[in-house]
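What follows is a single structure, written as structure tokens, with notes after it.
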Amino acid sequence: MFRLHVVQAALGDCLLLEFGTAAAPRFVLIDGGPAGTWQAHLRPVLTDVVGPGGRLDLVMLSHVDNDHVLGLLDLAADLRAERANGDTETVRLGNLWHNSFARTLDPDGAIATRLAAAMASAGAAAATMTSTGMALQGIGEGNRLRQHALALGVPINGRSLANPKPGGENTPVTPDTLPRALRLGNLRLKVVGPSQANLDALRADWLAWLDAHEDELADPQLAANADRSVPNLSSIIVLATADGRRLLLTGDGRGDPILSGLAAARLLPASAPLHVDVFKLPHHGSIRNLSAELFDRIIADTYVVSADGTHGNPDLETLVLLVDAAHRQGRAIEIVATNRTPSTDALLAQRDPAVSGYRLTVMGAGGHRHVVTLA
Numbered sequence: 024m025f026r027l028h029v030v031q032a033a034l035g036d037c038l039l040l041e042f043g044t045a046a047a048p049r050f051v052l053i054d055g056g057p058a059g060t061w062q063a064h065l066r067p068v069l070t071d072v073v074g075p076g077g078r079l080d081l082v083m084l085s086h087v088d089n090d091h092v093l094g095l096l097d098l099a100a101d102l103r104a105e106r107a108n109g110d111t112e113t114v115r116l117g118n119l120w121h122n123s124f125a126r127t128l129d130p131d132g133a134i135a136t137r138l139a140a141a142m143a144s145a146g147a148a149a150a151t152m153t154s155t156g157m158a159l160q161g162i163g164e165g166n167r168l169r170q171h172a173l174a175l176g177v178p179i180n181g182r183s184l185a186n187p188k189p190g191g192e193n194t195p196v197t198p199d200t201l202p203r204a205l206r207l208g209n210l211r212l213k214v215v216g217p218s219q220a221n222l223d224a225l226r227a228d229w230l231a232w233l234d235a236h237e238d239e240l241a242d243p244q245l246a247a248n249a250d251r252s253v254p255n256l257s258s259i260i261v262l263a264t265a266d267g268r269r270l271l272l273t274g275d276g277r278g279d280p281i282l283s284g285l286a287a288a289r290l291l292p293a294s295a296p297l298h299v300d301v302f303k304l305p306h307h308g309s310i311r312n313l314s315a316e317l318f319d320r321i322i323a324d325t326y327v328v329s330a331d332g333t334h335g336n337p338d339l340e341t342l343v344l345l346v347d348a349a350h351r352q353g354r355a356i357e358i359v360a361t362n363r364t365p366s367t368d369a370l371l372a373q374r375d376p377a378v379s380g381y382r383l384t385v386m387g388a389g390g391h392r393h394v395v396t397l398a
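Below, the structure is given as structure tokens:
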């Protein structure tokens with residue numbers, strides 16, 4: 024058995040993998056969505072699918088953006104309250120994969136300290152610096168999740184869920200630290216990104232950005248102009264396999280690290296595309312993270328996009344690029360979207376599904392999840 028439960032997460036991501044057997048199902052949770060996702064959707068899904076007091080073998084935070092981490096913080100906080108009150112815990116957590124900023128990119132605290140000081144110097148202008156503020160907030164939220172996990176006794180970044188040592192929170196989840204696929208019953212999780220080289224480069228980008236913009240941030244007239252230069256955190260990228268079916272989980276990764284990670288893992292054929300059954304589009308279908316090459320090199324039967332139109336996601340350009348690529352390749356595909364958006368409406372208007380060979384499935388309004396059955 025292999026199912027993907029796509030949880031309604033508005034502008035964010037929240038995915039539940041179900042594997043094992045019908046008699047003995049097992050579960051992995053990937054991301055928790057933004058504020059409100061836990062109470063409105065994720066808690067009902069876990070109660071219905073996993074069952075009260077059931078177990079998640081693994082919780083994976085792809086990265087610390089608040090549209091991925093806040094639902095996990097709410098989950099962990101409720102578990103701590105339930106434990107303190109002697110109540111049955113909603114679920115039990117087996118392990119956490121979390122590349123916290125402090126433990127992977129900023130072990131000496133230099134970046135967070137400088138970024139916080141720069142934001143403080145910006146004063147009122149900081150309110151307009153959306154990306155910078157969210158990045159700093161995400162660092163703190165990631166640290167809070169780490170603290171919750173430690174309080175709950177949940178191992179962090181174990182190389183083996185049965186024996187989580189060696190590994191530990193100081194060891195990031197990368198292809199370098201986990202060169203072999205993690206085995207969970209019939210499920211295999213192969214980490215293909217971010218590499219240690221990606222993380223080293225990202226740390227260098229942060230420091231270079233601060234070198235270039237610290238003085239500007241102290242000047243309210245220049246602060247907002249520097250905002251768009253903030254680098255994003257690298258996402259954990261995983262190829263999940265069970266019962267002969269494959270699911271590519273990409274977080275908010277970019278197309279080039281996805282392809283290079285798959286190639287380094289010898290999973291990307293040199294002369295043919297990689298076929299996966301389900302491809303979760305990165306960064307909510309933002310065209311900034313996608314390319315024609317990505318859709319040529321990785322092909323799927325089903326493409327999942329979690330977005331609600333915020334920031335224009337999914338971009339119409341992404342959807343058209345995907346549909347045109349599949350049509351050119353002679354493949355019929357399904358696009359599963361968590362919400363109807365202006366771009367999904369525009370896609371239907373610009374590309375007739377009957378002519379272009381695709382099916383658009385949108386989660387029902389008010390629904391908690393959409394189930395994609397792989398096996």
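By the working numbering, the letter at position 61 of the sequence shown is numbered 84, and the numbering carries on one by one without gaps. All C-beta atoms, glycine included, are put in the ideal place defined by N, C-alpha and C.
Tell whether a beta-carbon distance below 9 Å holds between I259 and V327.
Within the sequence shown, numbered from 1, the residue matching residue 259 stands at position 236. Within the sequence shown, numbered from 1, the residue matching residue 327 stands at position 304. Not closer than 9 Å, so no.
Please classify T364: is it buried, with 16 or more other beta-carbons within 10 angstroms of its beta-carbon, or exposed?
Here residue 364 corresponds to residue number 341 of the sequence shown, with the count starting at 1. With 16 or more Cβ atoms within 10 Å of its Cβ, T364 is classed as buried.
I need the DSSP call for T384, collapsed to helix, strand or coil.
Within the sequence shown, numbered from 1, the residue matching residue 384 stands at position 361. Strand.
Tell me the start and end of each unbroken alpha helix (DSSP H) in the stretch 101-134 that is at least 4 residues and wholly inside, in chain order.
124-127
Let me check understanding here. Comparing Cα to Cα, which of G176, S379, L175, P337 lies closest to R311?
By 1-based counting over the sequence shown, the position of residue 311 is 288. That would be P337, whose Cα lies nearest to the Cα of R311.
Suppose you measure from the CA of T127 to the CA of R354; what does that come to, to the nearest Å?
Against the sequence shown, residue 127 aligns to sequence position 104. Against the sequence shown, residue 354 aligns to sequence position 331. Rounded to whole angstroms, T127 to R354 spans 41 Å at the Cα level.
Identify the continuous beta strand (DSSP E) that holds L272 and give its terminal residues.
Taking the sequence shown and counting its residues from 1, one reaches residue 272 at position 249. Its beta strand (DSSP E) spans residues 268-272.
Does the beta-carbon of R78 have 16 or more other beta-carbons within 10 angstroms, so that it is buried, or is it exposed?
Counted from its first residue, the sequence shown places residue 78 at position 55. When all chains shown are included, R78 counts as exposed.
With 9 Å set as the bound, which would you pick, yes or no: does the beta-carbon of S283 sit closer than that to a beta-carbon of chain B?
Reference to chain B is not applicable here, since this structure consists of a single protein chain.
Out of N180, V92, E316, point me to the one whose CA is closest to P57's CA.
Sequence index remark: in the sequence shown, residue 57 carries index 34 (1-based). The option with the nearest alpha carbon to P57 is V92.
Counterpart residues of F302 in DSSP-defined beta bridges
Position 279 of the sequence shown holds residue 302. For F302, which the question treats as bridged, DSSP gives the partners L271, Y326.
Suppose only complete runs of 3+ residues qualify. What are the beta strand (DSSP E) ranges in the stretch 318-377, listed by chain order?
321-328, 356-360
Three-state secondary structure (DSSP) at G55?
Looking up residue 55 in the sequence shown gives position 32. G55 falls in the coil class under three-state DSSP.
From this set, L95, A47, D375, which residue's C-alpha is nearest V72's C-alpha?
The sequence position of residue 72 within the sequence shown is 49, counting from 1. Ranking L95, A47, D375 by Cα distance to V72 puts A47 first.
Chain-order list of residues whose beta-carbon lies under 7 Å from that of G284 (same chain, five-residue window excluded)
The residue labelled residue 284 in the question sits at position 261 within the sequence shown. Same-chain partners within the cutoff: P198, V215, G216, S218, I260.
Is the distance from the Cβ of V27 to the Cβ of L270 below 9 Å?
Mapped onto the sequence shown, residue 27 falls at position 4. Mapped onto the sequence shown, residue 270 falls at position 247. Reading off the sequence, residue 27 comes out as Leu, not Val. Yes, these two residues count as a Cβ contact at 9 Å.
Taking the continuous alpha helix (DSSP H) assigned at G278, which residues delimit it?
Sequence index remark: in the sequence shown, residue 278 carries index 255 (1-based). Taken as a continuous stretch (DSSP letters only), the alpha helix (DSSP H) holding G278 covers 278-287.
N118 burial status per 10 Å Cβ neighbour count (16 or more: buried)
The residue you call residue 118 lines up with position 95 of the sequence shown. Buried is the call here.
Tell me the residue span of the beta strand (DSSP E) that contains M83.
Indexing the sequence shown from 1 puts residue 83 at position 60. First-last of the beta strand (DSSP E) with M83: 81-84.
In the DSSP assignment, find the beta strand (DSSP E) that holds A265 and state where it starts and stops.
Against the sequence shown, residue 265 aligns to sequence position 242. Where A265 is concerned, the enclosing beta strand (DSSP E) stretches over 260-265.
I'd like the list of long-range same chain contacts for K303, defined as Cβ closer than 6 Å, with 5 residues on each side in sequence excluded.
Position 280 of the sequence shown, counted from the first residue, corresponds to residue 303. So the list reads L272, T273, V327, once near-sequence residues are dropped.
When burial is assigned at 16 or more other CB atoms within 10 Å of the CB, is L173 buried or exposed?
Translated into positions along the sequence shown, residue 173 becomes position 150. The residue in question, L173, is exposed, as its Cβ has fewer than 16 Cβ neighbours within 10 Å.
Mapping the DSSP letters down to three states, classify H64 as helix, strand or coil.
Translated into the one-based positions of the sequence shown, residue 64 becomes position 41. H64: helix per DSSP, three-state reduction.
Taking all protein chains shown into account, decide if A231 is buried (16 or more other Cβ within 10 angstroms of its Cβ) or exposed.
Counting from one through the sequence shown, the residue named residue 231 turns up at place 208. Burial call: exposed.
Can you tell me the Cα-Cα spacing of L397 and L212, whole angstroms?
As a first step, residue 397 is located in the sequence shown; it is residue number 374 there, counting from the start. As a first step, residue 212 is located in the sequence shown; it is residue number 189 there, counting from the start. Those two C-alpha atoms are separated by around 15 Å.
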